[in-house]
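Just so we're aligned, residue 1 is where the sequence shown starts under the numbering used here, counting upward by one. Heads up, the thing below is written out as structure tokens.
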Amino acid sequence: MENYPKDIYTEPEPDVNTLAHLGPLTGMAGIWTGTRGLDINPKADGPEKQAFIEHMELQPIDAQTNGPQLFYGLRYHTRIVKPDDVETFHDQVGYWLWEPATGNLILTLSIPRGQTAMAVGQAAPDATSFQLKAVRGSLTNGISSNPFLEHAFRTESFTITVTKHDDGTWSYEQETVLITPDRTEPFLHTDRNRLHKIGEPTPNPTAQAAARAAKALAA
């Protein structure tokens, strides 16, 4: 059992500069593109390989507290299309969260097909690779799907592994374990891509306010 404090109400005073407190998420804030993505998904006649192009934006948010618990994090939105196509192939929003006191990492995700999940892992502040996992039925790192997906493409687990590279890029590999009524074995739905920065992040609101106040004092 977690060693939680008796005082569950008193909040800490966070630093205003989220970008300076992202731990293993450091270097991931900004606007990114990946042009060599690969998705392997289930079809009636077998696995389908699909190349994709991805645009992802990760922006710092103000520090978040749950009583004494303190998170720094990034709000993200990723949009994926097939090559030479404008129709959205995949859309996803959520948060990357880092808890410095425990080393916990959280990824929340929601997709507009009626599914949400929360994947959890741990990493050192200077980690260049880390893994998070969500499991069907868990109350703390679970998966929730609409009734059709629960029937036809039941998600047993979701795992994402992130690797940050020396050239400033970062990549991910995802494995989603699916149960479908027409197969006797689980299907491993996989996705991977490598992302290159095309834009810098916008500082979180309290960091911007602090910068404006410092500038006014210096004037």
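Glycine included, every Cβ here is placed at the ideal spot set by N, Cα and C.
Would you identify the three-state DSSP class for residue i, choosing helix, strand or coil?
i	result
Ala210	helix
Phe153	coil
Leu22	coil
Pro112	coil
Pro205	helix
Lys215	helix
Pro147	helix
His196	strand
Val120	strand
Pro186	coil
Leu139	coil
Thr163	strand
Return yes when the Cβ of residue j is within less than 9 Å of the Cβ of residue i, no when it is not.
i	j	result
Ser110	Arg136	no
Ala279	Ser144	As displayed, the chain neither begins before 1 nor continues past 219, which places residue 279 out of reach and without an answer.
Gly121	Tyr95	no
Ile61	Lys197	no
Gly114	Asn146	yes
Leu70	Ala101	yes
Pro42	Ala123	no
His90	Met56	no
Phe153	Ile179	yes
Leu188	Ser171	no
Glu175	Thr190	yes
Asn17	Ala210	yes
Tyr59	Arg75	It should be noted that the sequence gives Gln, not Tyr, for residue 59. Going by C-beta atoms, Gln59 is nearer than 9 Å to Arg75.
Thr184	Glu173	no
Ile53	Gly34	yes
Arg192	Gly67	no
Val81	Glu87	yes
Trp98	His151	no
Which partner residues does residue i have in the DSSP bridge list?
i	result
Ala134	Phe158
Val16	Per DSSP, none; premise fails for Val16.
Ile106	Leu97, Val120
Leu70	Thr65
Arg79	His55, Asp91
Asp191	Asp39, Gln174
Ends of the beta strand (DSSP E) at residue i?
i	result
Leu178	170–179
Pro47	46–66
Lys6	Where Lys6 is concerned, there is no enclosing beta strand (DSSP E), given that its DSSP letter is neither H nor E.
Gly30	30–43
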